[in-house]
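Q:
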Amino acid sequence: MRVQSLTLVAASAALLAPTTFPGAPPTPRPDPPVRVLLPGVPDRTGALRADRSGVRVGPVPQVPAGPSAPASRVGPDSRAADRPQRDGAEEPVRAADLLAGVRDCDPVSPGRYRSDAGAPADIPVCGTRDAVYWKADLDVDCDGRPGDRCNARTDPHFSPATAFTDSDGRPLDAERLPYVVVPGPSDTWDHREDGIGGGSLAALVHGDRVRYAVVGDVGPSDLIGEASYAAARALDIPADPQGGGAASDVTYIVFKGSEVEPIEDTAAAEKAGERLARRFVDGG
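Each residue of the sequence shown is one higher than the one before, counting from 15 in the numbering used here.
1) Output the distance between the C-alpha atoms of D169 and P255, rounded to the nearest integer angstrom.
2) What does the alpha-carbon distance come out to for the pair A312 and L237?
3) For A246, tell me which candidate among G212, R293, D263 and W203 has the shortest Cα-Cα distance.
4) For R223, count the other beta carbons within 10 Å of its own beta carbon; 16 or more makes it buried, fewer makes it exposed. Which is it?
5) Using alpha carbons as the reference points, say which of L249, A248, A135 and G213 lies closest to A177.
6) Consult DSSP for A294 and reduce its assignment to one of helix, strand or coil.
7) Could you check whether A241 and E189 sit closer than 7 Å to each other, using their CB atoms as the reference points?
8) In this structure, does DSSP put H220 in helix, strand or coil?
9) What's the C-alpha gap between E284 and Y226?
10) Closest by CA to I267, which one among E288, A281, T280 and D279?
11) When the Cα atoms are used, what is the spatial distance from A282 to V196?
12) Which whole runs of the alpha helix (DSSP H) in the segment 218 to 265 are 4 residues long or more, in chain order?
13) Which residue or residues does DSSP assign as beta-bridge partners of P197?
14) For R128, name the three-state secondary structure that DSSP assigns.
15) What does the alpha-carbon distance come out to for the pair Y147 and G161?
16) For the alpha helix (DSSP H) containing D151, name the first residue and the last one.
17) So L249 and S272 are supposed to be a Cβ contact under 8 Å. How far apart are they, rounded?
18) At what residues does the beta strand (DSSP E) containing E273 begin and finish?
19) From D279 to D182, what distance separates their C-alpha atoms?
20) Quick check on DSSP: helix, strand or coil for L215?
21) From A216 to L112, what distance separates their C-alpha atoms?
22) Does the separation of the CB atoms of D136 and A260 fall below 7 Å?
23) Bridge partners for I267 per DSSP, in chain order?
24) Between the alpha carbons of A83 and P174, how many angstroms are there, rounded?
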């Protein structure tokens with residue numbers, strides 16, 4: 015579990031010119047960081063984890079986003095399924111095709127992120143007209159509704175809250191719902207300005223696997239590269255919240271303006287994710 019900081023780390027790096035993803039050197043970060051509270055979030059503190067930046071609180075207050083691509087909304091047309099559902103005889107989008115579409119990076123984040131506390135800040139968020147994307151590690155987020163595998167016994171830093179909730183207003187279920195975690199809004203990047211929010215559709219690529227997920231939680235404002243227990247399992251990545259995850263080579267592609275309703279409908283996310291991924295690799 016990556017826990018959310020109550021501070022927003024200001025990054026003063028200028029907007030980066032297009033570069034090969036993600037090869038540019040890291041951007042220096044200010045020291046010490048400027049502490050700015052999100053509107054509506056109480057000023058609470060807690061025990062720090064050695065490789066994380068603070069205690070997660072949720073939900074994150076919502077504010078109007080900036081201009082983005084037209085919304086692509088998905089309604090409750092089916093129930094959860096274990097495997098992606100394909101329409102017709104068309105071949106599913108391949109990992110190689112998605113990776114070819116994100117080979118180059120036109121940064122949309124003024125600053126860069128760390129994969130873990132103490133790691134270099136060398137991960138940009140890149141973008142096209144229709145999506146934002148980054149390449150990072152995968153830390154396992156077990157937060158949300160307690161279950162057999164995600165609870166305070168299996169994860170000493172477990173939190174029963176997620177930034178976004180299901181259609182009944184309950185925290186999300188990390189064991190069953192593949193979701194990704196986006197960094198908290200900051201001067202490094204504000205996901206809301208690119209039309210990204212709770213329920214936005216994401217394609218995850220690891221090796222030759224492509225799996226679809228939703229944006230389900232918000233993490234520290236200076237770290238990137240985290241997804242739920244269910245997302246890790248779908249990618250065949252060890253899902254243990256303490257010792258699992260992947261050290262590198264996970265690509266996250268989040269489609270601007272998209273939304274699955276209800277957020278917990280995984281079958282709808284898989285169907286719509288495949289459609290948006292096909293449009294992405296076909297160039298619109």
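All C-beta atoms in this analysis are idealised placements derived from N, C-alpha and C, irrespective of residue type, glycine included.
A: For this structure:
1) Straight through space, the alpha carbons of P255 and D169 are spaced by roughly 6 Å.
2) Absent from the structure is residue 312, since the part of the chain shown begins at 15 and ends at 298.
3) The shortest C-alpha separation from A246 is found at D263.
4) R223 is exposed by the Cβ-count criterion.
5) Residue G213 is the option with its Cα nearest to A177.
6) Looking at the sequence shown, residue 294 is not Ala but Phe. Here F294 sits in helix by DSSP.
7) Inclusion of E189 and A241 in the CB contact set at 7 Å is not warranted, their separation being larger than that value.
8) Looking at H220 - three-state DSSP - the assignment turns out to be strand.
9) Each residue's alpha carbon lies about 5 Å from the other.
10) Sorting E288, A281, T280 and D279 by C-alpha distance to the C-alpha of I267 places E288 at the top.
11) A282 and V196: Cα-Cα distance of roughly 21 Å.
12) With a minimum length of 4 residues, the continuous alpha helix (DSSP H) runs that stay inside the segment 218 to 265 are 243 to 248.
13) Answer is G233.
14) Strand at R128.
15) Straight-line Cα distance between these residues: approximately 30 Å.
16) Counting along the chain, D151 falls outside any alpha helix (DSSP H), though it belongs to the beta strand (DSSP E) covering A145 to D155.
17) Contact flag wrong, Cβ pair sits at about 20 Å.
18) Unbroken beta strand (DSSP E) run through E273: S272 to V274.
19) Our two residues, D279 and D182, have alpha carbons roughly 13 Å apart in a direct line.
20) L215: strand per DSSP, three-state reduction.
21) Cα to Cα, A216 sits roughly 12 Å from L112.
22) Against a cut-off of 7 Å, the Cβ pair of A260 and D136 comes out as no contact.
23) BP columns for I267 point to Y147 and A217.
24) With a pLDDT of only 44 at A83, under 50, the local geometry of the prediction cannot be trusted, and the value read off the model is given with reservation. Answer to the nearest angstrom: the Cα atoms are 33 Å apart.
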